[in-house]
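Peer 1: Start counting the sequence shown at 8; every next residue gets the next number (our numbering). Pasting a structure below so you can have a look.
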Amino acid sequence: MDNILPAYNDPLFSILVIVILILIVAISSYVMGNIKEERKEKSLKHFLNRFSTQETFLEIEEMPFEPKLIKPLKHLAFAFKNQGEYQKAINLNLYLIDNISNFQEKKEILEQLGETYLKAGFLKRAETIFLQILHKYPRNIEALYYIGVVYEMLNEYDKALETLIPLTLLGEETNYLEAHLKLNILLNNNELNRIDKVKRLEELLENRFYDYRGIIKALFQLDVESAWRNIEVSKVERILDILWFLPLSNLNFDIILSEKILSAIFFAKGVLPLQKDNIPKSNIFVIDTIVSAKIGGSDDIDITFSYGCNRCRQHFPIPFTRCPQCYAIDAIQIKETVAKKYKEKGYSLL
Ligand SMILES: [Zn+2]
C-alpha cells in the first residue's frame, strides 16, 4: 500500500482525499439535479404539447419568437382570458412557455395558463399546471389557493383541505376557507341523515367563520322550521333574496309577524295584507320604498336582485358562494333594485 500511495500516512493526504470525495459528490448531485430538471421540463413540455394543436385562427406557431414579444403576448393572453376566449389565451400561453427557457420567467405564464384552464373548466389540466409550479416553488401562495379551488371544483375536499396546512404555515388566514370547505363536505355528505345534518348545521351557526347565508339556505332545503327558528334579524339583509323568493308554503307567519323587519318584507311582497294603522319599517331602502308605494296605491312594484363581489367588484345575475371571477369566498353582496312587477313566475332560490 505504501508503494502505491507513498503519503498514505500523511494527514494532509487524508484531508485531500476527503476534499476530492466532497467534490465528486457535489458534482454528481449537480449533474443529477440538472438531468432531473431536464426530465421534468420534458415531461411538462410533453404534457403541454398535447393541448397546443387546437384551432384558434391565431397562427401563432408560425411566428418567429423574439424576447420583446413576451410582454405584449402576456397582455394579449390576459385580455383573451378575461373576454372568455380561453382557447386563444391557452395557445398564446403555450407558445410563450415553449419559447421561454428560464423557469422563473415561465412561472408567471404557467400561473396564467393554470388559471385559464380553471376558468375554461379543464380542471385536471389546471391541477397538473399548479402541481408543476408547486413542485418547483412549494411556497407559492397563489398556486396553493388555485389548486385548492381546483380540488373543491372536483369535489376532492380532502385534498383541498390539505392545501390549508402550507397556507397556514405561510401566515395566511385560513379559518374562513376551512369553514367554507367543511360546510361543503357536510352539505355533500350523503351518508348523514337529514336530522343529523340539520343538527350539525345549527351547531355551525355558532361558529363565526361559517357562512350564515349558506347555512340558512341549506336549512330551508332540509328543515323549514329550523331555518325560520334560526333567522337572525341583524343578518336578514344577507338572505333577503332567499326570503323574497320563498314559496308561500314555506312561510312561518308566527315568526314573520313577531319581527318588524320580516313583516315589512312580506308586506312589500304582498303576502301579508297591508294595515295602514300598523306599517312596519324594515330600514331596508327597497322594502320601505315598496311598502310606501303600496300605501300610495301602487301595486306593480317588485325587486330584482343582482350579486356583487366585494373583492373584484364584478356583478353577476345569479348568487354564488365562491366568486366566479376571482374565486373569493364570503364576498357576495346582494344588490336589490326596485323594478316593475311581471307575472308571477313561481321562482325560488332553493
Ligand atoms: Zn370576485
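Where is the CB? At the ideal position from N, CA and C, for every residue including glycine.
#1: Could you tell me if residue 346 is buried or exposed, where buried requires 16 or more neighbouring beta carbons within 10 angstroms of its beta carbon?
#2: Can you give me the start and stop residues for the beta strand (DSSP E) that residue 124 sits inside?
#3: Look at the alpha carbon of residue 359 and the alpha carbon of residue 76, and state the distance between them as a whole number of angstroms.
#4: Considering only residues of the same chain and omitting the five flanking positions on each side of residue 317, which have a CB-CB separation below 6 Å?
#5: Evaluate residue 29 with the Cβ neighbour count: other Cβ atoms within 10 Å of its Cβ, from every protein chain shown; 16 or more gives buried, anything less gives exposed.
#6: Would the beta-carbon of residue 157 fall within 8 Å of that of residue 194?
#7: Out of 97, 102, 245, 135, point me to the one whose CA is closest to residue 123's CA.
#8: Does residue 119 pass the burial test, meaning 16 or more other C-beta atoms within 10 Å, or should it be called exposed?
#9: In this structure, how does DSSP classify residue 315 when only helix, strand and coil are distinguished?
#10: Is the distance from the Cβ of residue 148 to the Cβ of residue 177 below 8 Å?
#11: Can you tell me the Cα-Cα spacing of residue 282 and residue 186, whole angstroms?
#12: To the nearest angstrom, how far is the alpha carbon of residue 221 from that of residue 328?
#13: Please report the residue range of the alpha helix (DSSP H) in which residue 135 lies.
#14: With hydrogens ignored, establish whether the beta-carbon of residue 332 is closer than 7 Å to any heavy atom of ligand 1.
#15: Straight-line CA distance for residue 348 to residue 206?
#16: When the Cα atoms are used, what is the spatial distance from residue 212 to residue 204?
Peer 2: According to the structure shown:
#1: exposed
#2: Segment 110–127 is the alpha helix (DSSP H) holding residue 124; no beta strand (DSSP E) there.
#3: One cannot answer for residue 359 here, as it falls past the ends of the chain, which runs 8 to 357.
#4: 338, 340
#5: exposed
#6: no
#7: 97
#8: buried
#9: strand
#10: yes
#11: 43 Å
#12: 8 Å
#13: 130–143
#14: yes
#15: 38 Å
#16: 13 Å
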